[in-house]
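Chemist: What follows is a structure written as structure tokens; I'll ask about it next.
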Amino acid sequence: MPEPRSPDRKPAAAQAAAQAAAQATAQATAQATAQATAQATAQATAPRSEYASYMRTDELLALQRSDTQLLHRDERLFQCVHQATELWLKQANFEIGHATSLIEASQLVGAARILARASDCIDFITRQLDILTRMGPVGYRALRPALGQGSGVQSPGWQGLRAAAPRLHAAFTARRQAERMSLAEVFGCAGDAPLQLLAEALLDLDGKVSLWRTRHLQVVVRTLGGQGVGTRGMPVHALAQLLEQRLFGELWEARAAAPGSA
Ligand code: HEM
Numbered sequence: 008m009p010e011p012r013s014p015d016r017k018p019a020a021a022q023a024a025a026q027a028a029a030q031a032t033a034q035a036t037a038q039a040t041a042q043a044t045a046q047a048t049a050q051a052t053a054p055r056s057e058y059a060s061y062m063r064t065d066e067l068l069a070l071q072r073s074d075t076q077l078l079h080r081d082e083r084l085f086q087c088v089h090q091a092t093e094l095w096l097k098q099a100n101f102e103i104g105h106a107t108s109l110i111e112a113s114q115l116v117g118a119a120r121i122l123a124r125a126s127d128c129i130d131f132i133t134r135q136l137d138i139l140t141r142m143g144p145v146g147y148r149a150l151r152p153a154l155g156q157g158s159g160v161q162s163p164g165w166q167g168l169r170a171a172a173p174r175l176h177a178a179f180t181a182r183r184q185a186e187r188m189s190l191a192e193v194f195g196c197a198g199d200a201p202l203q204l205l206a207e208a209l210l211d212l213d214g215k216v217s218l219w220r221t222r223h224l225q226v227v228v229r230t231l232g233g234q235g236v237g238t239r240g241m242p243v244h245a246l247a248q249l250l251e252q253r254l255f256g257e258l259w260e261a262r263a264a265a266p267g268s269a
């Protein structure tokens, strides 16, 4: 006859198994923690990759408010679009400065080519505005206190562009006068005269800036409404009036009036 099982034999085995399992879990946890610590230490002490140190990604990616600082999750998007815009405007102004020097050195075709790059930069910042149409007014209202009285009007890139444009225009005019050509002649001459190519490049740039203003106004109206007021107290309808502004107004008129323009 089989010996009757002691009633506490099974629980004892189960206890041992549970103890072993707990031990294994503790061991695994300790191992994982040690691994994570080692990884973090290695990361902290590892030399930055060449990419990270050349692109300065650590600094760049620390320039946005942290997750805990955000007043609304859309604030990250808002900051990201503005910061990226400043980078592209910095690049645009750099190109415009170089184009101005090239015109002063009579390298007109080279200047036109460089100005095309500046126009591309403005194109990028206009396209970036699209994503802000997907930010609701609620998000904007929530993040607005973080901006205080700050406004896009104070954008260093925008101010730089407004300062660089008259210098560019002056260089173009000085070159045109040195070649003894009127604006009508510049736009009226047949073929691709360098001065005409350059004038067209100036118009392209002006046109891109104008498109940015138009798209920006759409975003503003979509967010604040047509009767809204900006952080600097500028009513949205006053912003609409700026749409008429041109960097090189006389070029638009001259081109349209030129007798033989292509
Ligand atoms: C939801 C998004 C945006 C809203 C609601 C908004 C609102 C406004 C308002 C109301 C103004 C008039 C001035 C004021 O009182 O502040 C303004 C001007 C301006 N904003 Fe924005 N803005 C937005 C996005 C942007 C972005 C992404 C940029 C890029 C840097 C920007 C740059 C500017 C500039 C440069 C001006 C002056 C415009 C000019 O002189 O024609 N804004 N904005």
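What the sequence shown shows, in the numbering used here, is residues 8 to 269, in sequence order. Ideal Cβ placement from N, Cα and C applies to all residues, glycine included.
1) Can the beta-carbon of Gly164 be found less than 8 angstroms from the beta-carbon of Thr92?
2) For the alpha helix (DSSP H) that contains Asp214, what are its first and last residues?
3) Using only the heavy atoms of ligand 1, determine whether one of them is closer than 7 angstroms to the beta carbon of Arg239.
4) Below 8 angstroms on the Cβ atoms is my contact criterion, and I expect Phe194 with Ala265 to pass it. Report the Cβ-Cβ distance as a whole number of Å.
5) Please classify Pro163: does DSSP put it in a helix, a strand, or coil?
6) Excluding the 5 residues preceding and the 5 following Thr230 in the sequence, name in chain order all residues of the same chain whose CB lies nearer than 6 angstroms to its CB.
7) Does DSSP put Pro152 in a helix, a strand or coil?
8) Look at the alpha carbon of Gln76 and the alpha carbon of Ala177, and state the distance between them as a whole number of angstroms.
9) Go ahead and pull the three-state DSSP assignment for Pro242.
10) Can you tell me where the alpha helix (DSSP H) with Ser60 in it begins and where it stops?
11) Taking Arg134 as part of the alpha helix (DSSP H), name the residues at either end of that continuous run.
12) Is the beta carbon of Leu210 sitting closer than 8 angstroms to the one on Arg262?
13) Using a Cβ-Cβ cutoff of less than 6 angstroms, which residues in the same chain neighbour Glu257 once the five nearest sequence positions on both sides are dropped?
14) Using 8 angstroms as the threshold, is the segment 61 to 80 in touch with the segment 179 to 189, meaning 3 or more CB pairs across them?
15) State yes or no: is the C-beta of Leu168 within less than 8 angstroms of the C-beta of Leu249?
16) Could you give the first and the last residue of the continuous alpha helix (DSSP H) run that contains Ser158?
17) Are Gly233 and His244 close, meaning C-beta to C-beta below 8 angstroms?
Modeler: Reading from the atomic positions:
1) Residue 164 sits at position 157 when you count from the first residue of the sequence shown. Residue 92 sits at position 85 when you count from the first residue of the sequence shown. Taking 8 angstroms as the Cβ cut-off, Gly164 and Thr92 qualify as a contacting pair.
2) For the purposes of this step, residue 214 is identified with residue 207 of the sequence shown, where counting begins at 1. The question names Asp, yet the displayed sequence has Gly at residue 214. Pro201 to Leu231 is the extent of the alpha helix (DSSP H) around Gly214.
3) Taking the sequence shown and counting its residues from 1, the one referred to as residue 239 is at position 232. Yes, ligand 1 has a heavy atom inside 7 angstroms of this Cβ.
4) Stepping through the sequence shown from its first residue, residue 194 is reached at position 187. Stepping through the sequence shown from its first residue, residue 265 is reached at position 258. Contact holds; Cβ gap of about 4 angstroms.
5) Working through the sequence shown from its first residue, we reach residue 163 at position 156. Three-state DSSP puts Pro163 in a helix.
6) If you number the sequence shown from 1, residue 230 lands on position 223. Correct list, in chain order: Pro144 and Tyr147.
7) Position 145 of the sequence shown, counting from 1, holds the residue named residue 152. Pro152: helix per DSSP, three-state reduction.
8) As a first step, residue 76 is located in the sequence shown; it is residue number 69 there, counting from the start. As a first step, residue 177 is located in the sequence shown; it is residue number 170 there, counting from the start. Going by the C-alpha atoms only, they are around 46 angstroms apart.
9) Along the sequence shown, read from residue 1 onward, the residue named residue 242 stands at position 235. Pro242 falls in the strand class under three-state DSSP.
10) Stepping through the sequence shown from its first residue, residue 60 is reached at position 53. In the DSSP assignment, Ser60 falls within the unbroken alpha helix (DSSP H) covering Glu57 to Met62.
11) Taking the first residue of the sequence shown as position 1, residue 134 is located at position 127. Taken as a continuous stretch (DSSP letters only), the alpha helix (DSSP H) holding Arg134 covers Leu115 to Leu139.
12) The count along the sequence shown starts at 1 and reaches residue 210 at position 203. The count along the sequence shown starts at 1 and reaches residue 262 at position 255. Taking 8 angstroms as the Cβ cut-off, Leu210 and Arg262 qualify as a contacting pair.
13) The residue you call residue 257 lines up with position 250 of the sequence shown. There are no such residues.
14) no
15) What you label residue 168 is simply residue 161 of the sequence shown in a count that begins at 1. What you label residue 249 is simply residue 242 of the sequence shown in a count that begins at 1. Between Leu168 and Leu249, the CB-CB gap reaches or exceeds 8 angstroms.
16) Start at 1 with the first residue of the sequence shown, and residue 158 comes out as number 151. Where Ser158 is concerned, there is no enclosing alpha helix (DSSP H), given that its DSSP letter is neither H nor E.
17) As a first step, residue 233 is located in the sequence shown; it is residue number 226 there, counting from the start. As a first step, residue 244 is located in the sequence shown; it is residue number 237 there, counting from the start. Cβ distance < 8 angstroms, so Gly233 and His244 count as in contact.
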